[in-house]
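A.B. asks:
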Amino acid sequence: MRSRRWLYLLAAAVLLAVGAWLTSGGDPPAPVSFPKVHMPRGPEKEDRERARARAQSQPQQPKVVLEAPPGAPAPRPTDPVLAALPPQVKEVAMVVEANALRNSDLGEPLIACLTSGGGGDALALARDAGFDPLTQLDRVSMFDDTVMLTGDFKGLRLDDAAAEHYGDATLRERPRREGDDREPQLFATWRDQVALVGTREDVKHAIDRLEGRVAAGEQPVLRDSNAYGEMYGVLQPSAFASMFDELDPKLSQFIRGAAQSVELHVDAMHDVGMVADVKGGDAAQVDELRRMMGGAIAAMRAKAVAEGKNDAADVLDLSRVLAPKGGGTSFSMELGLPYELMKKQLERCAEAGKRRRAGRAAARDGGAG
Amino acid sequence: MLKLLQVALDLIREAAWRKWFLGLFLTVTLVLVLLGLSLQLDVVDGAIAGSTLFGEVLFEEIRTVTSALSPLFMAVTVAASMGGALFLSVACSDFAPSLLSPGRIEHLLSLPVTRAQLLLGTWLGGVAVAAIATAYGTLGLIVLLGAKTGVWNFALFGGALVGVLVFATVFAAMMLAAVAVRSAAFCAAVGLATVVLGIVSSNRAAIARAIDPGLGRRIFEWAMVPVPKLGTLAVRAALISGHRLPDAAELLRLIGGAGLFSAGLLLVALFVFERKDF
Chain R
1 MRSRRWLYLL AAAVLLAVGA WLTSGGDPPA PVSFPKVHMP RGPEKEDRER
51 ARARAQSQPQ QPKVVLEAPP GAPAPRPTDP VLAALPPQVK EVAMVVEANA
101 LRNSDLGEPL IACLTSGGGG DALALARDAG FDPLTQLDRV SMFDDTVMLT
151 GDFKGLRLDD AAAEHYGDAT LRERPRREGD DREPQLFATW RDQVALVGTR
201 EDVKHAIDRL EGRVAAGEQP VLRDSNAYGE MYGVLQPSAF ASMFDELDPK
251 LSQFIRGAAQ SVELHVDAMH DVGMVADVKG GDAAQVDELR RMMGGAIAAM
301 RAKAVAEGKN DAADVLDLSR VLAPKGGGTS FSMELGLPYE LMKKQLERCA
351 EAGKRRRAGR AAARDGGAG
Chain S
370 MLKLLQVALD LIREAAWRKW FLGLFLTVTL VLVLLGLSLQ LDVVDGAIAG
420 STLFGEVLFE EIRTVTSALS PLFMAVTVAA SMGGALFLSV ACSDFAPSLL
470 SPGRIEHLLS LPVTRAQLLL GTWLGGVAVA AIATAYGTLG LIVLLGAKTG
520 VWNFALFGGA LVGVLVFATV FAAMMLAAVA VRSAAFCAAV GLATVVLGIV
570 SSNRAAIARA IDPGLGRRIF EWAMVPVPKL GTLAVRAALI SGHRLPDAAE
620 LLRLIGGAGL FSAGLLLVAL FVFERKDF
């Protein structure tokens, strides 16, 4: 009996020792952190510094438009990317801070993804022509069917035999691919700082705006105050609605009726945070739209959970539709993509691109053999 | 085993007639009813489009039900784990001392029940009372919010189960205190101290850094080695409730550490109990 008692004590000592080892051994408990994605809700220090640096380094527009008298509309932006934008777009106007993205935490995996497949060939072509997008590209802007690139185009070697000049720009007809029945496309370079691709008419209008040949009151669709985040732009309701065509046709239809414009900002320096400011006319319709958008997010989440896509479900948990503002005629939607998830997706994309490329090479070799 | 369960059942019966536990169940019921009547959730297709509590707007943004309610489930789990352990430290403080009270213990020992069964049965009964109260509150919250939102968060049971482990550890320390010194007040003090030490142990690295290097810090570090990290365990329980699965290996270490600490203390209590003459 007595020996059994001491056995209890011995067993207790062993259990306490093993318990202490379990409690105190191993890595200390990791601090609990909740995914929090930075959302671009307004210009920040980085955005302001970027804008300031550009204002000092880039060529200024000639002051064709006279100084405005007090009370007159605000002056046009001096930033060439914003200045080249039209006052209105049919579908979309979007600016991508390519250089900032390249140097962000996601820059390397993003480049790996973009260049792993056919993008690698395009990169090689551009480098052969004397322009390295990885080091010489600053920004990309798209407005409807026109694409504008800013950066250093001094080294670009192109056949200028058939080139024509328009203002400070050099215009070249782009060779058409077989079966391409679209309107002929022009490739223009402006002061070795800007390249434009689009129809003759669109490119010339963009150059006019770049050089200040616009009506005194005309303002571009995006102003200095809209230029924040690594991607920013404005979408017409139809372009925004088309994103929901497959997911929820009813919602898509409602967006076309209730929304007037959607302003988009993406912060992608580490995580990816997206803010969409939806503006409408009628407060009741806007509130209905807001609720439908919230419902669509919940439905997407439920679908992701049902399909076992937990990453997607977690992402949708970071989404929210904010309270109405502006007297109920506008609201913001936020979507967050954590860094780890983005990195994983981009790495998968790079792997898939490499496999496709290897497959194509093998098929070519097989065909040749 | 059957006798052990009978002892535990006797303790549950005893607890059922105590005002403390009637009060506990009434409080949980009252909170659930109040929450049910005053919390208004505007649910749209599985998303919460705003909520009010007692007429006050809590938030107006639209979020998925999971992301909107996760913080609530997590806060409830931490509050129930740590608050529950504190409350039950006091409410259960005289279970073991009354077991050892003169007259009763002699009667119990005259029955065909071993001392080990008496001691472990009492511990099991106390833990069962905590588990029943937790299950009642958990089920109530799941049903209440499930009926309001259409989303049934059964993960809350997982969090609650880990939360009950916190009290199981505290109650094991109280059992040892009771057999060493037959005093309800001392028992309660040991229970409360165990909860506090469990929180201190969870933050041992940060606290150690705040102590000047030397003997004092070394003593603190060594003193904390066997103390289970009850605060961290409660936080991990909250993560489970909030659908954020913690690192499994870390969770098993925490649970294993607390479980073996409890078992060790119960064996020491048994050693002391076996040596006593009644």
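Heads up: the sequence lines are chains R and S, in that order.
Following the working numbering, the numbering of the first sequence begins with 1 at its first residue and continues without gaps.
Following the working numbering, the numbering of the second sequence begins with 370 at its first residue and continues without gaps.
We treat Cβ as the ideally placed atom computed from N, Cα and C, and that holds for glycine.
For S/Gly-494, verify whether its CB is less than 7 Å away from any heavy atom of the ligand FMN.
C.D. replies: In the structure on display, the ligand FMN does not appear, and there are no ligands present to speak of.
A.B. asks: To be precise: take each residue of the segment 246 to 264 of chain R, compare its Cβ to all Cβ atoms of chain S, and keep it if any distance is under 8 Å. Which residues remain?
C.D. replies: none
A.B. asks: What residues from chain S crowd round R/Tyr-339, counting only those whose CB sits closer than 8 Å?
C.D. replies: Taking the first residue of the first sequence as position 1, residue 339 of chain R is located at position 339. Those within 8 Å of R/Tyr-339 in chain S number zero; the least Cβ separation is about 17 Å.
A.B. asks: Nearest to R/Leu-106 by CA position, among R/Ala-362, R/Gly-353, R/Gln-136 and R/Leu-346, is which residue?
C.D. replies: For the purposes of this step, residue 106 of chain R is identified with residue 106 of the first sequence, where counting begins at 1. Taking only the C-alpha atoms, the option nearest R/Leu-106 is R/Leu-346.
A.B. asks: If S/Ala-416 sits next to R/Ala-298, beta carbons under 8 Å apart, how far is it from one beta carbon to the other, in whole angstroms?
C.D. replies: Locating residue 416 of chain S in the second sequence gives position 47, where the first residue counts as 1. Locating residue 298 of chain R in the first sequence gives position 298, where the first residue counts as 1. That belief holds up - the Cβ atoms of S/Ala-416 and R/Ala-298 are roughly 4 Å apart, short of 8 Å.
A.B. asks: The beta strand (DSSP E) that contains R/Ala-276, what's its start and end?
C.D. replies: Here residue 276 of chain R corresponds to residue number 276 of the first sequence, with the count starting at 1. Per DSSP, R/Ala-276 belongs to the beta strand (DSSP E) from 272 to 280.
A.B. asks: Is it buried or exposed for S/Ala-618, if we count other Cβ within 10 angstroms and need 16 for buried?
C.D. replies: For the purposes of this step, residue 618 of chain S is identified with residue 249 of the second sequence, where counting begins at 1. Per the 10 Å Cβ criterion, exposed.
A.B. asks: Between which residues of its own chain and S/Arg-551 is the CB-CB distance below 7 Å, once the five residues before and five after are set aside?
C.D. replies: The residue labelled residue 551 of chain S in the question sits at position 182 within the second sequence. These residues qualify, in order along the chain: Pro-466 and Leu-469.
A.B. asks: Are the Cβ atoms of S/Val-569 and S/Ile-576 separated by less than 8 Å?
C.D. replies: Looking up residue 569 of chain S in the second sequence gives position 200. Looking up residue 576 of chain S in the second sequence gives position 207. Yes; because the gap between Cβ atoms is below 8 Å, this pair is in contact.
A.B. asks: Please identify the residue among S/Arg-382, S/Ser-450, S/Glu-643 and S/Leu-403 whose C-alpha is closest to the C-alpha of S/Gly-600.
C.D. replies: In the second sequence, counting from the first residue as 1, residue 600 of chain S sits at position 231. That would be S/Ser-450, whose Cα lies nearest to the Cα of S/Gly-600.
A.B. asks: With a floor of 4 residues, list each alpha helix (DSSP H) that falls wholly inside the segment 310 to 334 of chain R, ordered by position along the chain.
C.D. replies: Those alpha helix (DSSP H) runs which fall completely within the segment 310 to 334 of chain R and span 4+ residues are 310 to 317.
A.B. asks: Would R/Leu-335 pass as an interface residue toward chain S - the criterion being a Cβ-Cβ separation below 8 Å?
C.D. replies: Numbered from 1 along the first sequence, position 335 holds the residue referred to as residue 335 of chain R. Cβ-Cβ to chain S under 8 Å: no for R/Leu-335.
A.B. asks: R/Arg-291 by DSSP, collapsed to three states: which one?
C.D. replies: Locating residue 291 of chain R in the first sequence gives position 291, counting from the first residue. In this structure, R/Arg-291 counts as helix in the three-state DSSP scheme.
A.B. asks: Going by DSSP, name the residue or residues bridged to R/Glu-173.
C.D. replies: Translated into the one-based positions of the first sequence, residue 173 of chain R becomes position 173. Beta-bridge pairing links R/Glu-173 to R/Leu-186.
A.B. asks: Please report the distance separating the alpha-carbon of S/Arg-432 from that of R/Gly-281.
C.D. replies: Sequence index remark: in the second sequence, residue 432 of chain S carries index 63 (1-based). Sequence index remark: in the first sequence, residue 281 of chain R carries index 281 (1-based). If you take the alpha carbons of S/Arg-432 and R/Gly-281, they lie about 24 Å apart.
A.B. asks: Between the segment 573 to 585 of chain S and chain R, which residues of the former have a C-beta closer than 9 Å to a C-beta of the latter?
C.D. replies: Going along the segment 573 to 585 of chain S in chain order, one finds Arg-573 and Ala-574 with a Cβ nearer than 9 Å to chain R.
A.B. asks: Please state whether DSSP places S/Glu-475 in a helix, a strand or coil.
C.D. replies: As a first step, residue 475 of chain S must be located in the second sequence, where it is residue number 106. In this structure, S/Glu-475 counts as helix in the three-state DSSP scheme.
A.B. asks: Please classify S/Trp-591 as buried or exposed, where buried requires at least 16 neighbouring CB atoms within 10 angstroms.
C.D. replies: Working through the second sequence from its first residue, we reach residue 591 of chain S at position 222. Per the 10 Å Cβ criterion, exposed.
A.B. asks: Quick check on the DSSP output: the alpha helix (DSSP H) that includes S/Gln-486 runs from which residue to which?
C.D. replies: Counted from its first residue, the second sequence places residue 486 of chain S at position 117. Per DSSP, S/Gln-486 belongs to the alpha helix (DSSP H) from 484 to 518.
A.B. asks: Shortest alpha-carbon distance to R/Asp-202 belongs to which of R/Lys-279, R/Pro-184, R/Ala-215 and R/Arg-191?
C.D. replies: As a position in the first sequence, residue 202 of chain R is number 202, starting the count at 1. Comparing Cα positions, the closest option is R/Pro-184.
A.B. asks: Measuring straight from C-alpha to C-alpha, what distance separates R/Leu-251 and S/Leu-510?
C.D. replies: For this step, residue 251 of chain R is matched to residue 251 along the first sequence. For this step, residue 510 of chain S is matched to residue 141 along the second sequence. Distance from the CA atom of R/Leu-251 to the CA atom of S/Leu-510, rounded to whole angstroms, is 33 Å.
A.B. asks: Smallest Cα separation from R/Gly-336: which of R/Arg-364, R/Ala-302, R/Arg-50 and R/Lys-36?
C.D. replies: Start at 1 with the first residue of the first sequence, and residue 336 of chain R comes out as number 336. Nearest of R/Arg-364, R/Ala-302, R/Arg-50 and R/Lys-36 to R/Gly-336, Cα basis: R/Lys-36.
A.B. asks: Since R/Asp-208 is in the alpha helix (DSSP H), which residue starts that stretch and which ends it?
C.D. replies: As a first step, residue 208 of chain R is located in the first sequence; it is residue number 208 there, counting from the start. Here the alpha helix (DSSP H) through R/Asp-208 covers 200 to 210.
A.B. asks: With a threshold of 8 Å between beta carbons, is S/Ser-436 in contact with chain R?
C.D. replies: For the purposes of this step, residue 436 of chain S is taken as the residue at position 67 of the second sequence. Yes, S/Ser-436 counts as interfacial toward chain R.
A.B. asks: Quick one: residues in its chain with C-beta nearer than 8 Å to the C-beta of S/Leu-477, no 5 flanking neighbours on either side, listed in chain order?
C.D. replies: Residue mapping note: residue 477 of chain S aligns to position 108 of the second sequence, counting from 1. For S/Leu-477, where only same-chain residues beyond five positions count, the Cβ hits under 8 Å are Leu-468 and Leu-487.
A.B. asks: Would R/Leu-289 pass as an interface residue toward chain S - the criterion being a Cβ-Cβ separation below 8 Å?
C.D. replies: Position 289 of the first sequence, counted from the first residue, corresponds to residue 289 of chain R. No - not a single Cβ of chain S is within 8 Å of the one on R/Leu-289.
A.B. asks: Terminal residues of the continuous alpha helix (DSSP H) containing R/Ser-104?
C.D. replies: Position 104 of the first sequence, counted from the start, is the residue given in the question as residue 104 of chain R. First-last for R/Ser-104: undefined, no H or E at that position.
A.B. asks: Can you list the residues of chain R that S/Glu-429 reaches, using a CB-CB cut of under 7 Å?
C.D. replies: Stepping through the second sequence from its first residue, residue 429 of chain S is reached at position 60. By Cβ distance, chain R contributes Ala-323.
A.B. asks: Could you pull the start and end residues of the beta strand (DSSP E) that R/Gln-236 belongs to?
C.D. replies: Translated into the one-based positions of the first sequence, residue 236 of chain R becomes position 236. First-last for R/Gln-236: undefined, no H or E at that position.
A.B. asks: Report the residue from R/Gly-198, R/Arg-172 and R/Met-293 whose alpha carbon sits nearest the alpha carbon of S/Ala-418.
C.D. replies: Walking along the second sequence from the start, residue 418 of chain S turns up at place 49. The option with the nearest alpha carbon to S/Ala-418 is R/Met-293.
A.B. asks: Measuring only the C-alpha atoms, how far is S/Ala-484 from S/Arg-644?
C.D. replies: Position 115 of the second sequence holds residue 484 of chain S. Position 275 of the second sequence holds residue 644 of chain S. Looking at the sequence shown, residue 484 of chain S is not Ala but Arg. Their backbone Cα atoms lie some 10 Å apart in a straight line.
A.B. asks: Spell out whether any CB of chain S is found under 8 Å from the CB atom of R/Asp-301.
C.D. replies: Numbered from its first residue, the first sequence carries residue 301 of chain R at position 301. Inspection of the sequence shows that residue 301 of chain R is occupied by Arg rather than by Asp. It does: the Cβ of R/Arg-301 has a partner Cβ on chain S nearer than 8 Å.
A.B. asks: Which value, in whole angstroms, describes the spacing of the CA atoms of S/Phe-647 and S/Ala-549?
C.D. replies: In the second sequence, residue 647 of chain S corresponds to position 278, counting from 1. In the second sequence, residue 549 of chain S corresponds to position 180, counting from 1. Cα to Cα, the separation comes out at about 14 Å.
A.B. asks: Is R/Ser-196 helix, strand or coil by DSSP?
C.D. replies: Locating residue 196 of chain R in the first sequence gives position 196, counting from the first residue. Note on identity: in this sequence residue 196 of chain R is Leu, with Ser being the wrong assignment. Reduced to three states, the DSSP call for R/Leu-196 is strand.
A.B. asks: Is it the case that the Cβ atoms of S/Gly-453 and S/Phe-536 are separated by a distance below 8 Å?
C.D. replies: Numbered from its first residue, the second sequence carries residue 453 of chain S at position 84. Numbered from its first residue, the second sequence carries residue 536 of chain S at position 167. With respect to the 8 Å criterion, S/Gly-453 and S/Phe-536 are classified as neighbours on the basis of their beta carbons.
A.B. asks: Since R/Leu-322 contacts R/Glu-334 with CB under 8 Å, what's their CB separation in whole angstroms?
C.D. replies: Within the first sequence, residue 322 of chain R is the residue found at index 322, counting from 1. Within the first sequence, residue 334 of chain R is the residue found at index 334, counting from 1. R/Leu-322 to R/Glu-334, Cβ: 7 Å. Contact.
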